[in-house]
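Undergrad: Can you keep this structure in mind? I'll have questions shortly.
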Amino acid sequence: MKIRIFQFFSHCFFIFAFLALPYIFAPTGFPTVVVLEKNAHERTNLLSYLLMLSFFYVNYYVLIPKFYFAKKHITYIGIVIVFFAGILLLMHQLDRKPRMPAPFPDRPPKSERFEKPPGAFENSQTMFLFLVGLVVSFAVKINDRLKRSEQEKLHTELSYLKAQINPHFLFNTLNSIYSLAIEKSDRTADAVVMLSSLMRYVIRDASENMVPLNKEIEYIQNYVSLQKFRLDDTVVINFQTEGAVVNQKIAPLILISFIENAFKYGVNPEHPSLIEISLTSKNDSLNLYVSNNKVRFGSQEADSSGGIGLRNTKARLQLLYPARHQLSIQYSNEKFIVDLKLNLA
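So in the working numbering, spot 11 of the sequence shown is number 555, and the numbers just go up one at a time.
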């Protein structure tokens, strides 16, 4: 809704600016507007400005997408020339009424080299405004196309992330739930509810561009809880959330890759493991801190920069929060630490 209101006022401002330009640069300035009712010539000029404004929208919505983007460049150029010639011809046809004689006819004529050809100013003004409409419509359309391309890329990456639910995690979780069911454990129902909630969020809610922060945190809590169900006592998981979550929104699945990475490299049944996860929310800022002991043999450093999940997350952070995030990744022989600060405003 806010975007539509912004677009509406942007178009209103553009229309006003476009119609005001001729009077700003006119020799007599804005007073020309006052004589519109009595001056047929000025009414003709105003009509030509409205026609060029119409050309802007025809060019933006029809000509550029149907001809220029379709590689029909010659056809496009031909149509543009016809539009411009038609506007000029219409102006001259409507403006053929002779002008009022000069107030001092007895004065000697001015030197021809200082006299502008009849209609020269109007023609150059028409050409200028036509080019303004042409260039601006191109710039706006190409900018819209780039934004749409970025949105489609983000949607593709998000769809890929949704498909990246670790099959091993899902298989192990189902096995854990099965074991709980065999033992008739009281935790079986809770595990099923958590898994159901996790799957529902990924399949349904995460298709949105932005989701409530509390839903994203709930998803992470369910993910961590399910990990606890399948892991034994050799793994210590410290997970805490701080701060009030009110109306903040966040891009879905933007945090989970860092947490998945900790469980991927920070868990080994043969070694004691420690994973620390902290989510702190304060006003419009969010801080995610993830730390794990490196107990699994493998290159977590390489995965932090080249792994598909983390690489996609970094790309999404750059696109969605270009100047509103700080990401720090530190690693040593024993520890791997991720510290992400997000501005959600």
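Cβ coordinates follow ideal geometry from the N, Cα and C atoms, glycine included.
Helix, strand or coil for residue 687? Go by DSSP, reduced to three states.
TA: DSSP places residue 687 in helix when its eight states are reduced to three.
Undergrad: For residue 835, does the three-state DSSP call read helix, strand or coil?
TA: Note: residue 835 maps to strand in three-state DSSP.
Undergrad: For a test of the three-state rule: what should DSSP assign to residue 874, helix, strand or coil?
TA: Of the three classes helix, strand and coil, the one that applies to residue 874 here is strand, per DSSP.
Undergrad: What is the residue span of the alpha helix (DSSP H) that residue 603 lies within?
TA: It is not in any alpha helix (DSSP H) - residue 603 carries neither H nor E in the DSSP assignment.
Undergrad: Assuming residue 685 and residue 620 are in contact, meaning their beta carbons sit under 8 Å apart, how far apart are those beta carbons, in whole angstroms?
TA: In fact, because the Cβ distance is near 12 Å, the residues do not count as touching under 8 Å.
Undergrad: Do you know offhand how far residue 676's Cα is from residue 599's?
TA: One C-alpha to the other measures close to 11 Å.
Undergrad: If you compare alpha carbons, which of 866, 557, 881 and 786 is closest to residue 872?
TA: Of 866, 557, 881 and 786, the residue nearest in Cα terms is 881.
Undergrad: Between 867, 719, 854 and 866, which lies nearest to residue 806 when the distance is taken from Cα to Cα?
TA: Checking every option, the nearest Cα to that of residue 806 belongs to 854.
Undergrad: Could you give the distance in angstroms between the alpha-carbon of residue 683 and the alpha-carbon of residue 672?
TA: Rounded to whole angstroms, residue 683 to residue 672 spans 16 Å at the Cα level.
Undergrad: Are residue 803 and residue 760 touching if we call contact CB-CB under 8 Å?
TA: Result no, Cβ atoms of residue 803 and residue 760 do not sit closer than 8 Å.
Undergrad: Any contact between the segment 720-739 and the segment 762-771? By contact I mean 3 or more CB pairs, one from each, below 8 Å.
TA: In short, these stretches touch, since the Cβ pair count reaches three.
Undergrad: So what does DSSP say about residue 630, is it helix, strand or coil?
TA: In this structure, residue 630 counts as helix in the three-state DSSP scheme.
Undergrad: Count the other CB atoms within 10 Å of the CB of residue 810; is the residue buried (16 or more) or exposed (fewer)?
TA: It counts as buried.
Undergrad: What is the DSSP secondary structure of residue 819, reduced to helix, strand or coil?
TA: The answer is strand: DSSP assigns residue 819 an E or B state.
Undergrad: Spatial neighbours of residue 863 within its chain, please: CB distance less than 8 Å, with the 5 preceding and 5 following residues excluded, ordered by chain position.
TA: 694, 697 and 698, listed in sequence order.
Undergrad: Restricting to Cα atoms, I'd like to know which of 867, 889 and 839 is closest to residue 879.
TA: Of 867, 889 and 839, the residue nearest in Cα terms is 839.
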